[in-house]
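In this text, residue positions in the sequence shown follow this note's numbering: the first is 36, and each later residue adds one. See below for the structure under consideration.
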Amino acid sequence: MTSVMPHATAPLSGSALQQLRRHITKQRRQSSRFAQQRAAQRVLAQFRFFLDRTRQPIMRAGIYLDAFGEIRTQALIQECFKRNIKVFLPKVCAMNQRLVWVEISKHQYQNHRFTKHRLGMYEPMATRGQPISKLDLVIMPLVICDTTGSRVGMGGGFYDKTLSIAPKRPIRLGLAHEFQYIAENIQRAPWDQSLDALVTPKKCYIFKRPFKKTISLIKKI
């Protein structure tokens, strides 16, 4: 478990950030099947470490379905089922482009009860879902994460829009390959929602939100 202090460097922004986003997105998509499987296994070990040391009880977890070369989430979903953690999958609400969360059973997951969104990600077939405030933990995909927990996604803004209006916010855990975690700081917009923690195949990084004082999420080891 690693606590991260921000670097005193000029933040990435504008065309430089967009160029890096495109580069890492391409690198992520080109990862071999073996590299993806190995990364998923190692992230699972870090995820177990995270769950075992989180002070807040995790009873309801929101988890994305990978589709664009992100860290694969199948093993994490199965781990939640083993721990009797209820699993919720994100679904884009057509009316406001925010996410709702649909509970899915182990049977439904194993039978691939999903549909494909027009942008390419998979969603649960149910039309109604819960607000993100009902979750204890939300596992978030990303393209880039910096040393302060600032996150760059694919550009849809679904997680930012959803979290920005939530009266109660769950623990925010990002998943990333090692090359997605960068030393340079990212310029943050007022509406951007940062991570509480990041799990990579090698480490679990713990961040502090710069906007408000929060309690420690992880027990000291």
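The beta-carbon is built from N, C-alpha and C at its ideal position, and this holds for glycine as well.
Proximity of residue i and residue j at Cβ, strictly below 7 Å
i    : j    : result
I112 : I98  : yes
C115 : A96  : yes
E219 : L52  : no
L208 : I174 : yes
L210 : V234 : yes
I106 : V122 : no
A74  : P236 : yes
P205 : D171 : yes
L134 : F84  : no
Q81  : C239 : yes
Proximity to residue i [Cα-Cα], best of the options
i    : options                : result
R118 : S66, A110, Q143        : A110
H212 : V78, H58, R56, F69     : V78
R63  : D231, R223, F214, C239 : F214
M189 : K126, M156, Q71        : M156
L55  : F84, E138, C180        : C180
H152 : R90, V127, N146, F82   : V127
K141 : P159, Q165, F85        : P159
Q145 : L100, L134, G192, F193 : L100
I217 : T182, R223, G191       : T182
S199 : G49, F149, Q132, S67   : Q132
I59  : R88, G104, F149, Q76   : G104
P176 : K169, R90, G191        : G191
Identity of the residues DSSP links to residue i by a beta bridge
i    : result
Y216 : C180
T150 : E158
L210 : V234
V137 : L124
V187 : I179
G97  : F123, V173
I221 : L47
Q165 : W136
Beta-carbon separation (whole angstroms), residue i vs residue j, contact threshold 8 Å
i    : j    : result
W136 : L154 : No, W136 and L154 are not in contact; Cβ-Cβ is about 18 Å, not under 8 Å.
T197 : I167 : 5 Å
R163 : S229 : Incorrect: roughly 29 Å between the Cβ atoms, too far for contact.
D227 : G184 : Actually they are not in contact, since the Cβ atoms of D227 and G184 sit about 10 Å apart, beyond 8 Å.
Boundaries of the beta strand (DSSP E) in which residue i is found, first to last residue
i    : result
I59  : Segment 49-64 is the alpha helix (DSSP H) holding I59; no beta strand (DSSP E) there.
E114 : Here E114 belongs to no beta strand (DSSP E); instead the alpha helix (DSSP H) covers 109-117.
R90  : Taken as a continuous stretch (DSSP letters only), R90 belongs to no beta strand (DSSP E), as it is neither H nor E.
L172 : 172-175
Within-7 Å CB hit, residue i to chain D
i    : result
F116 : This model lacks chain D altogether, as it is built from one protein chain only.
Limits of the alpha helix (DSSP H) - the one that residue i falls within
i    : result
D195 : 193-199
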